[in-house]
């Protein structure tokens, strides 16, 4: 039996009796988050940093075991940085930008995910999910010490949820017996098997792919591979129909073997059988096995993410295959989208219908991920003889001809979502403005002296001006807007001008608290700004 040797499953929040268990009447909380994975902790952190009381309920007492999700994209790290955890993740993670694709024993081509400079974070880091979770929990502890009203309750399992018009009632089991609480808002972050979803009689729609992948996390005695993403189609070492190799922190390497649908999982997970595959791939290499698992994958989502006072996020709302690293990265974008909207609604600064835009925007994001993930999976695991012939013909062409390389799909890697056509998007009056900063887009970073642009955006509404005049502050419908005044002289590299001006000589941007563009103009237009701000908070 392979023993898990990761020392990451700390009891970060061991069970403690809460005052709610001794209360004479049922206590109601503004927000309850169900699930203590990375998405649940990030949700609690987002709301708590806004000063909104939040209780997180987890049936465990800390982070899980095994590497699980390992690829965290630049946008995910930018979100974590806004919460104060990005630097720790970057320092611990393994940075990579280069990927290589092989067919049999031949390299088909290689790609660079972030060829341009001027970003605080790289395209990706590899970091075991337990570390990612731990850094978020540690940031929660720092926020609690500074007065943030966040409470994490370990060994609090939700056994029953009753949804009312204006709240939810939760029956909770603990080591000391059951108790009941109420929540004005309940956020379901309880994973792909979501007990909350099942309690409410809700389900997923989509595809289940009939294939299995064996994960092996190993520690090599002598590392023989560079810090890159390597993917083999029909590898010459015959350990699987495809194989993926990634480096992680602590000298750990992740290997994924495609082993087929009709397999005996118990047999495949025996150490001697795992070693048989690894030895064929790594002849003569000494290694230690630290964790193994088998997974199948699905591309599915809920029909709606919002159900009155209950809102779903992360894997509880949508699932994709692991190829492209779209699971946890997409979940963090859910949190980024939901947090500021729910905060405004709870504080009475926005109407309840603002939360319907979470449903629209993140379903848009989920559908984009599902489309890309499905295409990746269909290319990696051809479903017919003719599709297999086509796939291999593309690989053969790509080895020699650049035009074929975009057709190779070993997992279209996670990119930030642009909410084209979104209900909160405003005007685009910047003629010749860059496509990448159109309304609905996340703001790309840019260097500013010793710092970066995204360090100055987010958390509230801001008015970004580039070589343009505007008031320093403005208020509309109880929402304050602060100016971030920049000049292209602040960035000699030209990245600011390229990403925010394009062909224009100056620009004014209204930016949401989640660093997405609401609207943009060539000049400050107070009337239009106020109209677009009201639209962005659901009042227009």
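In UniProt numbering, the protein residues as written are 1 to 540. From the three backbone atoms N, C-alpha and C, an ideal C-beta is built for every residue, glycine too. Computed from a prediction, not measured in an experiment: that's the story for all the values here.
- Relative to the Cα of residue 536, the nearest Cα in the group 408, 297, 462, 410 belongs to 462.
- Taking a C-beta distance under 9 Å as the contact criterion, residue 448 and residue 78 do not qualify as a contact pair.
- For residue 87 and residue 135, the gap between their C-alpha atoms comes out near 10 Å.
- The region 343 to 361 makes contact with the region 421 to 428: 3 or more CB pairs, one atom from each, lie closer than 8 Å.
- The straight-line gap separating the alpha-carbon atoms of residue 403 and residue 154 is approximately 53 Å.
- The beta carbon of residue 218 is closer than 6 Å to those of 253, 287, 289 in its chain, skipping five residues each way along the sequence.
- For residue 257, the closest of 316, 381, 150 by C-alpha to C-alpha distance is 381.
- Nearest to residue 366 by alpha-carbon distance, out of 397, 315, 392, 396, is 315.
- Residues 45, 48, 49, 150 of the same chain have their beta carbon placed closer than 7 Å to that of residue 143, with the five preceding and five following residues left out of the count.
- Exposed is the label assigned to residue 105, since fewer than 16 other Cβ atoms lie within 10 Å of its Cβ.
- Taking C-beta atoms as the reference points, residue 317 and residue 255 fail to come closer than 9 Å.
- In this structure, residue 296 sits near residue 211, with a CB-CB distance shorter than 9 Å.
- As computed with DSSP, residue 212 is found in no beta bridge at all.
- Rounded to the nearest angstrom, the gap between the Cα atoms of residue 539 and residue 350 is 7 Å.
- With fewer than 16 neighbouring CB atoms inside 10 Å of its own CB, residue 432 falls in the exposed class.
- Under the three-state reduction of DSSP output, residue 237 falls in the coil class, being neither helix nor strand.
- One Cα belongs to residue 308, the other to residue 133, and the distance between them is close to 28 Å.
- Contact between the region 163 to 183 and the region 20 to 30 is present: three or more C-beta pairs spanning the two stretches fall below 8 Å.
- With a threshold of 16 other beta carbon atoms within 10 Å, residue 261 falls short and is exposed.
- One Cα belongs to residue 419, the other to residue 279, and the distance between them is close to 46 Å.
- In the three-state scheme derived from DSSP, where H, G and I count as helix and E and B as strand, residue 205 is classed as strand.
- A residue is called buried once 16 or more other Cβ atoms fall within 10 Å of its Cβ, and residue 247 is buried on that count.
- If you look at residue 360, you'll find it in the alpha helix (DSSP H) that goes 354 to 380.
- Around the Cβ of residue 147, a 10 Å sphere holds fewer than 16 other Cβ atoms; the residue is exposed.
- Going by DSSP, residue 500 is part of the alpha helix (DSSP H) stretching over 495 to 500.
- Counting every other CB atom within 10 Å of its CB across the protein chains shown gives residue 480 a total below 16, marking it as exposed.
- Excluding its 5 nearest sequence neighbours in each direction, residue 12 has C-beta neighbours in its own chain below 6 Å: 62, 137, listed in chain order.
- By the Cβ-count criterion, residue 391 is buried, with 16 or more other Cβ atoms from all chains shown falling within 10 Å of its own Cβ.
- For secondary structure counted as the alpha helix (DSSP H) over 4 or more consecutive residues, the region 122 to 171 holds these complete runs in sequence order: 129 to 145.
- Here the region 95 to 104 lies against the region 224 to 235, with 3 or more beta-carbon pairs under 8 Å apart.
- Between the alpha carbons of residue 38 and residue 176 lies a gap of roughly 26 Å.
- DSSP places residue 180 inside the beta strand (DSSP E), whose first and last residues are 179 to 188.
- Nearest to residue 58 by alpha-carbon distance, out of 15, 178, 120, is 15.
- Per DSSP, residue 243 is one residue of the beta strand (DSSP E) stretching across 242 to 247.
- Nearest to residue 303 by C-alpha distance, out of 446, 202, 460, 120, is 202.
- The criterion of a C-beta distance shorter than 9 Å is satisfied by residue 340 and residue 512.
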